[in-house]
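Visitor: Residue numbers (my numbering): 99 to 281. Beta carbons are placed, not taken as given, at the ideal position from N, Cα and C, and that holds for glycine. Just so you know, these numbers come straight off a predicted model, no measurement behind them.
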């Protein structure tokens, strides 16, 4: 397989960033516009989600956003992060020979390892809960798992952690300031 040139690499990096921005920022803002939700709290939630991932749920709840909308925004943000990182990793692997060699070795190692063979892609669920989104895309790419199956598994684990965080955040905020959290 031939390595990509600089222009192809840059085109793919820009496309990766565009996918990430579309999923993480544009979709939540379009939904906010359709639901007549102010953009300020939504942008604050998106920014928090980019930094603290599912831990940003209490921020959105404290800003007066509904638990359902907070979950939607954070899942969109997680999807954007994953797609952007996976595509960037893929672009780097197609551009530099040393990275391609490491990729071949890691995929060979993954196919020969019993632990990875036994648990495989399902291991992304505890990975996203324990280490976060920023680890899952490179791990999935390094081990040769497909982008969309890895995305689905990652978002499933993220949604599980997010549900717990939303429930805990709703309960704590409701106990501290009754009436703050809207349904």
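Tell whether a beta-carbon distance below 8 Å holds between residue 249 and residue 160.
Guide: No, the Cβ-Cβ distance between residue 249 and residue 160 is not below 8 Å.
Visitor: When you compare each of 165, 242 and 167 to residue 201 by their alpha carbons, which one comes out closest?
Guide: Checked all of 165, 242 and 167; the closest Cα to residue 201 is 242.
Visitor: With 16 other CB atoms within 10 Å as the buried threshold, where does residue 252 fall?
Guide: Burial call: buried.
Visitor: Quick test of your reading: residue 255 and residue 226, contact by CB under 8 Å. State the CB separation rounded to the nearest angstrom.
Guide: Contact flag correct, Cβ pair sits at about 4 Å.
Visitor: Exposed or buried, which one is residue 269 when buried takes at least 16 other CB atoms within 10 Å?
Guide: Exposed, since its Cβ has fewer than 16 Cβ neighbours within 10 Å.
Visitor: Report the rounded CA-to-CA distance for residue 244 versus residue 238, giving the unit in angstroms.
Guide: For residue 244 and residue 238, the distance between alpha carbons rounds to 7 Å.
Visitor: So, at 6 Å on beta carbons, what are the nonlocal neighbours of residue 259 in its own chain, with the 5 sequence-adjacent residues on each side left out?
Guide: Only 152 and 227 meet the Cβ criterion.
Visitor: Use the C-beta contact count for residue 178: other C-beta atoms within 10 angstroms, 16 or more gives buried, fewer gives exposed.
Guide: Answer is buried; the Cβ neighbour count reaches 16.
Visitor: Please state whether DSSP places residue 163 in a helix, a strand or coil.
Guide: If DSSP states are grouped into helix, strand and coil, residue 163 belongs with coil.
Visitor: Whole angstroms are fine: how far does the CA of residue 240 sit from the CA of residue 205?
Guide: Whole-angstrom Cα-Cα distance: 7 Å.
Visitor: If you draw a straight line from the C-alpha of residue 125 to the C-alpha of residue 155, how long is it?
Guide: The straight-line gap from Cα to Cα measures roughly 17 Å.
Visitor: For residue 138 and residue 175, which I take to be in contact (beta-carbon distance under 8 Å), what is that distance rounded to the nearest angstrom?
Guide: Rounded, the Cβ-Cβ distance is 16 Å, inconsistent with contact.
Visitor: Among the candidates 224, 188, 210 and 276, whose CA atom is the shortest distance from the CA of residue 115?
Guide: Measuring from the Cα of residue 115, the nearest candidate turns out to be 188.
Visitor: Please work out which residues of its chain come closer than 7 Å, Cβ to Cβ, to residue 236, disregarding the five sequence neighbours upstream and downstream, and give them in chain order.
Guide: Counting only Cβ-Cβ distances below 7 Å, and skipping sequence neighbours, we find 183 and 187.
Visitor: Where does residue 102 fall in DSSP's three states?
Guide: The answer is coil: DSSP assigns residue 102 none of H, G, I, E or B.
Visitor: Leaving aside the five residues before and after residue 117 along the sequence, list all residues of the same chain whose C-beta is less than 8 Å from its C-beta, in chain order.
Guide: If we look at residue 117 and ignore the five residues flanking it on each side, its Cβ neighbours are 178, 181, 182 and 185.
Visitor: With a 10 Å radius around its C-beta and 16 neighbouring C-beta atoms as the bar for buried, classify residue 122 as buried or exposed.
Guide: Burial call: buried.
Visitor: If we ignore side chains and look at the alpha-carbon of each, how far apart do residue 107 and residue 172 end up?
Guide: Distance between the alpha carbons of residue 107 and residue 172: 29 Å.
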